[in-house]
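Notes for the one structure printed next.
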Amino acid sequence: MTKGLITKIIVSVLTILVLVLGYKIVLSPRDGKITMTSTEIKNSFKEIGQLAVEEYNFTNVGKFSQENMSAFGISIPFTDKSFLMTYSGVCKAGIKDISEINIEVNQAEKKIIVDLPNVEVLDTYIDVNSIEVYDQSFNPINQITVNDVKNFQANETAKAEEVAIKNGLLDKAKVRMEEVVKSQVKMLLSNTEQSEYEIIINWK
10 MTKGLITKII VSVLTILVLV LGYKIVLSPR DGKITMTSTE IKNSFKEIGQ LAVEEYNFTN
70 VGKFSQENMS AFGISIPFTD KSFLMTYSGV CKAGIKDISE INIEVNQAEK KIIVDLPNVE
130 VLDTYIDVNS IEVYDQSFNP INQITVNDVK NFQANETAKA EEVAIKNGLL DKAKVRMEEV
190 VKSQVKMLLS NTEQSEYEII INWK
């Protein structure tokens, strides 16, 4: 291989390298930063499904009682049944369906607008391991049944949920939800060209 041919090959290789580097510099985002789309931001929440952000813990004492049985309109003495129950439980609130979140990226105003569905109670339950029963009646004629206990627990759960809402569970969940969503979006936007964008939360 002649010296002139080697020189031409080296020049050709250097030319290709310069063109490739120039191509990358022109087309690559400034400082290596990328831009997030509304779809990409929304997809970051997709796998969550349901998002619980606030809990209300309760401990209560409830009483179940049923009056005496009757026959031909006459009350039969000592046929009533009753018990006292202490229990603890949890009421959780948040967004039931994360797919209902809508996100808009406003490049002109440098804003990320997030529309959230209203928070709601996701689950309320009594911890079965916390249940203790006192003063239970033992009446062979009118015994306490499984349905008695089941219906009693359902009623107590509904009452606990009402108390949780009255005590501000949903309001607290709203505040907490905004914090969680903003934190998630900020994390996604870090090291992108939108890292300084304003995040606005709207409720549907």
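Quick note, the numbering used here runs 9 ahead of the 1-based positions in the sequence shown. From the three backbone atoms N, C-alpha and C, an ideal C-beta is built for every residue, glycine too.
*So, does the CB of Asn151 fall closer than 8 Å to a CB anywhere in chain C?*
No chain C appears in the structure shown, which is made up of a single protein chain.
*Alpha carbon to alpha carbon, what distance is there between Trp212 and Lys168?*
Position 159 of the sequence shown, counted from the first residue, corresponds to residue 168. Position 203 of the sequence shown, counted from the first residue, corresponds to residue 212. Answer to the nearest angstrom: the Cα atoms are 27 Å apart.
*Do Ile43 and Thr201 come within 8 Å of each other at the CB atom, strictly closer than that value?*
For the purposes of this step, residue 201 is taken as residue 192 along the sequence shown, with counting starting at 1. For the purposes of this step, residue 43 is taken as residue 34 along the sequence shown, with counting starting at 1. Result yes, Cβ atoms of Thr201 and Ile43 sit closer than 8 Å.
*From Ala163, Val190, Gly103, pick the residue whose C-alpha is nearest to that of Asp136; which is it?*
Mapped onto the sequence shown, residue 136 falls at position 127. Closest option to Asp136, Cα to Cα, is Ala163.
_Beta-carbon proximity of Gly98 to Phe67, cut-off 8 Å_ = Taking the sequence shown and counting its residues from 1, one reaches residue 98 at position 89. Taking the sequence shown and counting its residues from 1, one reaches residue 67 at position 58. Contact flag set, yes.
*asked:* Three Cβ pairs or more, each shorter than 8 Å: is that satisfied between the segment 125 to 132 and the segment 101 to 114?
replied: yes
*Would you check if the distance between the CB atom of Val194 and the CB atom of Ile208 is smaller than 8 Å?*
In the sequence shown, counting from the first residue as 1, residue 194 sits at position 185. In the sequence shown, counting from the first residue as 1, residue 208 sits at position 199. The answer is yes: Cβ separation under 8 Å.
_Helix, strand or coil at Ser108 according to DSSP, with G and I counted as helix_ = Indexing the sequence shown from 1 puts residue 108 at position 99. It is helical.
*What does a CB cutoff of less than 6 Å around Lys17 pick up in its chain, not counting 5 residues either side in sequence?*
Here residue 17 corresponds to residue number 8 of the sequence shown, with the count starting at 1. Any answer about Lys17 is weak, because its pLDDT of 41 lies below 50 and its placement is not dependable; what the coordinates show is given next. There are no such residues.
_So, at 6 Å on beta carbons, what are the nonlocal neighbours of Leu179 in its own chain, with the 5 sequence-adjacent residues on each side left out?_
On the sequence shown, residue 179 is found 170 positions in, with the first residue counted as 1. Within the same chain, Leu179 has close Cβ partners Ala102, Val128.
*Specify, as a first and last residue, the run of the alpha helix (DSSP H) that Glu188 falls within.*
On the sequence shown, residue 188 is found 179 positions in, with the first residue counted as 1. First-last of the alpha helix (DSSP H) with Glu188: 178 to 198.
*If we ignore side chains and look at the alpha-carbon of each, how far apart do Met45 and Asn160 end up?*
Counted from its first residue, the sequence shown places residue 45 at position 36. Counted from its first residue, the sequence shown places residue 160 at position 151. Between Met45 and Asn160, the C-alpha separation is close to 51 Å.
_Nearest candidate by alpha-carbon position, reference Thr48, set Ala117, Val190, Glu113_ = Residue 48 sits at position 39 when you count from the first residue of the sequence shown. Looking at Ala117, Val190, Glu113, the one whose alpha-carbon comes closest to that of Thr48 is Glu113.
*Sorted by chain position, which residues of the same chain lie with C-beta nearer than 6 Å to Tyr65's C-beta, five sequence neighbours on each side aside?*
Working through the sequence shown from its first residue, we reach residue 65 at position 56. Excluding residues within five positions, the ones whose Cβ falls inside 6 Å are Cys100, Ala173, Leu178.
*asked:* Measuring straight from C-alpha to C-alpha, what distance separates Ser139 and Thr95?
replied: For this step, residue 139 is matched to residue 130 along the sequence shown. For this step, residue 95 is matched to residue 86 along the sequence shown. If I take the Cα positions, the gap works out to 8 Å.
*Quick one: grab the DSSP three-state call for Ile7.*
With the chain covering 10 to 213 only, the question about residue 7 has no answer from this structure.
*Distance, Val142 Cα to Asn115 Cα*: For the purposes of this step, residue 115 is identified with residue 106 of the sequence shown, where counting begins at 1. For the purposes of this step, residue 142 is identified with residue 133 of the sequence shown, where counting begins at 1. If I take the Cα positions, the gap works out to 59 Å.
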